[in-house]
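Number of protein chains: 2
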Amino acid sequence: MKVLSKASAYGLRALLYIVAHKKHGDYVSIREMSEELNISFHFLTKILQSLTQQGLLESYRGPNGGITLKRPPNEIFLIDVVKILDGEDFFDTCLLSLPGCGEAEPCPVHDFWKVTKAALKNEFASTSLTELGTKISENRLRLTDD
Amino acid sequence: MKVLSKASAYGLRALLYIVAHKKHGDYVSIREMSEELNISFHFLTKILQSLTQQGLLESYRGPNGGITLKRPPNEIFLIDVVKILDGEDFFDTCLLSLPGCGEAEPCPVHDFWKVTKAALKNEFASTSLTELGTKISENRLRLTDD
DNA sequence: TTATTTTGAGACAAATTCGTCTTAAATAAT
DNA sequence: ATTATTTAAGACGAATTTGTCTCAAAATAA
Ligand code: SF4
Ligand code: SF4
C-alpha cells in the first residue's frame with residue numbers, strides 16, 4: 781500500500797529541509813537541496829515547480845535565486861502539499877473498488893474506511909511543516925539517505 | 781491514494797462472485813466470471829492463478845473445470861487475498877517516507893500512522909468473504925459495472 | 001553587452017503496473 | 001485417437017509513474 785507518491789515524499793522532504801535549515805524568506809537553491817537530499821535535480825525542480833505554480837512557494841531566477849515558502853511554515857500543512865502533488869482527490873479513495881456501491885449501498889468495510897479516511901485527512905490537515913520540522917532541526921531526525 | 785491494486789480488487793470481486801452466486805465446492809469457470817464482472821479474461825486468469833498457487837483456491841482443467849475455494853468463505857479473509865496479490869508487506873508501509881527515521885526516531889505522524897495501519901490490518905484480518913458476500917447475494921450490492 | 005547562474009518547460013527514457021495474446025498442458029466427451 | 005474445453009505459463013504491449021536531458025527565459029555580475 782503506497783500512500784504518498786515519490787513526488788509528494790520528495791517535495792515534502794525539500795520543504796522540511798528549508799524549514800529545518802533555512803531562515804524563513806531565504807531563497808534556497810534547488811540544486812543545493814537536490815544534492816543534500818540525494819534527489820534528482822531535474823525531478824525535484826519539476827516537483828517544486830508545481831508547488832510554485834499552485835502558490836505554495838515563490839521562485840526567483842538567476843544567481844542567488846531559488847525558492848522560498850510563500851507562507852510561514854506553521855501555515856503550511858501536509859494536506860496542502862499532498863493535494864497539489866497527489867491530486868485533490870487524494871482522500872476520496874474507496875477501499876474495495878466494488879462497482880455500483882457507495883454511501884447508499886455500502887460494503888461491510890465502507891464505514892470503517894470512511895472513518896479511517898477522515899482521521900487521515902484530519903491528521904494531514906492539522907500537521908504543519910513546523911511540527912514536522914522541529915524534530916528535524918533538533919537533529920532527532922535526518923532528511924538525507926546516506 | 782490507491783489502497784488496493786487492480787489485481788487485488790479484481791481478485792476479490794471474483795471471489796465474492798463465487799460466494800454470492802455459487803455453491804461452495806462448485807468449480808466456477810474463469811471465463812464466466814470475466815464476462816459477468818467485465819474483467820479481462822487473461823488478466824483475471826493470472827490473478828486467480830496466484831491465488832491458486834498460494835493455496836487459496838483449487839483449480840481443475842478441462843470441460844466443466846474452473847476454480848473453487850479451498851476453504852469455506854468464512855475462513856477466507858480480506859487479508860489473505862491482499863497479502864497474496866499485493867505482497868506480504870502490504871501493511872508495513874511508512875507514511876512520509878523520510879529516510880533514517882522509524883520507531884526509534886519517529887516523525888510527528890508516525891504514531892498516528894502506526895495506529896491507523898493496525899486498525900486497517902485488523903479490519904482486513906477480521907472481514908471474511910462471507911461478511912462481504914452476504915450483502916451482495918441479498919442484492920443490496922452489485923459486482924458488475926454496467 | 002556578454003557570460004554565468006538559476007528556474008521554467010517540455011521532450012524523452014526507464015521502471016512499474018496493467019492488460020493482451022499466443023501456446024502449452026490437462027481433462028473430458030465423442 | 002481426436003477434438004473441444006479449460007487452466008497454466010510466459011511473452012508482449014499499453015499506460016502510468018518516475019527519472020533524465022536539453023534548451024529557453026530570467027536575473028545577476030563583470
Ligand atoms: S462500499 Fe465504499 S468502501 Fe466498499 S467498495 Fe463501495 S465505495 Fe468502496
Ligand atoms: S517516522 Fe514512521 S511514518 Fe514517519 S517517515 Fe519515518 S517510518 Fe514513516
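Just so you know, the protein sequences line up as chains A and B, in that order.
Quick note: the first sequence uses the working numbering, first residue 781, plus one each step.
Quick note: the second sequence uses the working numbering, first residue 781, plus one each step.
Heads up, the beta-carbon is just placed ideally off N, CA and C, and yes, glycines get one too.
Mark Tyr797 (chain B) as exposed unless 16 or more other C-beta atoms lie within 10 angstroms of its C-beta, in which case mark it buried. Of the residues assessed, Tyr797 (chain B) falls on the buried side of the cut-off, its CB having 16 or more other CB atoms within 10 angstroms.
Contact list for Ala794 (chain A) against chain B, beta-carbon separation under 9 Å: For a Cβ distance threshold of 9 Å, nothing in chain B lies close to Ala794 (chain A): the least Cβ distance comes to about 12 Å.
Tell me which residue opens and which closes the beta strand (DSSP E) that Gly846 (chain B) is part of. Annotation: the continuous beta strand (DSSP E) that includes Gly846 (chain B) extends over Gly846 to Leu849.
I'd like to know if Leu858 (chain A) contacts chain B, where contact means its C-beta is closer than 9 Å to some C-beta of that chain. For Leu858 (chain A), the answer is yes, since a Cβ of chain B falls inside 9 Å of its Cβ.
Counted within 10 angstroms of its Cβ, other Cβ atoms place Asp926 (chain A) as buried (16 or more) or exposed: With a pLDDT of 48 at Asp926 (chain A), under the threshold of 50, the modelled position of this residue cannot be trusted; read the value that follows with caution. Counting other Cβ atoms within 10 Å of its Cβ, Asp926 (chain A) stays below 16 and is therefore classed as exposed.
Cβ distance (whole Å) where Leu831 (chain A) is taken to contact Gly791 (chain A) below 8 Å: With a beta-carbon spacing of about 6 Å, Leu831 (chain A) and Gly791 (chain A) fall inside the 8 Å limit used to define contacts.
From the DSSP output, read off the bridge partner residues of Glu868 (chain A). DSSP output for Glu868 (chain A) lists no bridge partner at all.
Interfacial residues, the segment 877-903 of chain A to chain B, with Cβ spacing under 7 Å: Cβ contacts with chain B: Ser877, Leu878, Pro879, Gly880, Cys881, Glu885, Cys887, Pro888, Val889, Phe892, Thr896, Ala899, Leu900 and Glu903.
Rounded C-beta distance between Leu837 (chain A) and Leu828 (chain A)? I'm assuming under 8 Å. About 6 Å separates the two Cβ atoms, so the contact holds.
Look at the alpha carbon of Ile859 (chain A) and the alpha carbon of Phe870 (chain A), and state the distance between them as a whole number of angstroms. Ile859 (chain A) and Phe870 (chain A) have their C-alpha atoms some 9 Å from each other.
Span of the beta strand (DSSP E), counted from its first residue to its last, around Ser814 (chain A): Counting along the chain, Ser814 (chain A) falls outside any beta strand (DSSP E), though it belongs to the alpha helix (DSSP H) covering Ile810 to Leu817.
Answer yes or no: does any C-beta atom of chain B fall closer than 9 Å to that of Lys915 (chain A)? Yes, Lys915 (chain A) lies at the interface with chain B (some Cβ there is under 9 Å from its Cβ).
What residue does the beta strand (DSSP E) around Ser906 (chain A) start on, and which one ends it? Counting along the chain, Ser906 (chain A) falls outside any beta strand (DSSP E), though it belongs to the alpha helix (DSSP H) covering His890 to Ser906.
Report the three-state DSSP secondary structure of Glu885 (chain A) (helix, strand or coil). Coil.
Ile819 (chain B) versus B:Pro886, B:Leu795, B:Lys803 and B:Ile856, residue with shortest Cα-Cα distance: Checked all of B:Pro886, B:Leu795, B:Lys803 and B:Ile856; the closest Cα to Ile819 (chain B) is B:Leu795.
Tell me whether Glu903 (chain B), by its Cβ, gets closer than 8 Å to a heavy atom of ligand 2. Every heavy atom of ligand 2 is 8 Å or more from the Cβ of Glu903 (chain B), so no.
My guess is that Val808 (chain B) and Thr910 (chain B) are in contact by the Cβ rule of under 8 Å, so how many angstroms apart are they, rounded? Not confirmed; about 17 Å, so no contact.
Grab me the residues of Trp893 (chain B)'s own chain with a C-beta within less than 6 Å of its C-beta, minus the 5 sequence neighbours each way, in chain order. Closer than 6 Å at the Cβ level, and outside the excluded window around Trp893 (chain B), lie Leu875.
Under 7 Å between beta-carbons, which chain B residues line up against Ala783 (chain A)? List them in chain order, please. Rather than Ala, the amino acid found at residue 783 (chain A) in this sequence is Val. Below the 7 Å Cβ cutoff, chain B contributes Met781, Thr873 and Leu875 as neighbours of Val783 (chain A), in chain order.
Val862 (chain B), buried or exposed, once every other Cβ within 10 Å from all chains shown has been counted against 16: Counting other Cβ atoms within 10 Å of its Cβ, Val862 (chain B) reaches 16 or more and is therefore classed as buried.
Excluding five sequence neighbours on each side, which residues of the same chain lie with their C-beta closer than 8 Å to the C-beta of Leu878 (chain B)? Counting only Cβ-Cβ distances below 8 Å, and skipping sequence neighbours, we find Cys887.
Between which residues of its own chain and Ile856 (chain A) is the CB-CB distance below 8 Å, once the five residues before and five after are set aside? Shown here for Ile856 (chain A): same chain residues with a beta carbon closer than 8 Å to its own, the five before and five after excluded, namely Leu795, Leu836, Leu849, Ser908 and Leu909 in chain order.
Under 7 Å from the C-beta of Leu831 (chain A): neighbouring residues of chain B: The premise fails here: Leu831 (chain A) is roughly 16 Å from chain B at the closest Cβ pair, so nothing lies under 7 Å.
Collapsed DSSP secondary structure at Leu784 (chain A) in the structure displayed: Leu784 (chain A): coil per DSSP, three-state reduction.
Using a Cβ-Cβ cut-off of less than 7 Å, list which residues of the segment 834-865 of chain B approach chain A; keep chain order. Those would be none; no residue qualifies.
Quick check: the Cα distance between Lys786 (chain A) and Thr873 (chain B), rounded to an integer number of angstroms? When rounded, the separation of the alpha-carbon atoms in Lys786 (chain A) and Thr873 (chain B) is 13 Å.
On a Cα-Cα basis, can you pick out the residue from A:Leu784, A:Pro852, A:Gly842 and A:Ile810 that is closest to His804 (chain A)? For His804 (chain A), the nearest C-alpha among the options comes from A:Pro852.
Mind listing the chain B neighbours of Phe870 (chain A)? Cutoff is C-beta to C-beta under 8 Å, in chain order. The answer, in chain order, is Met781.
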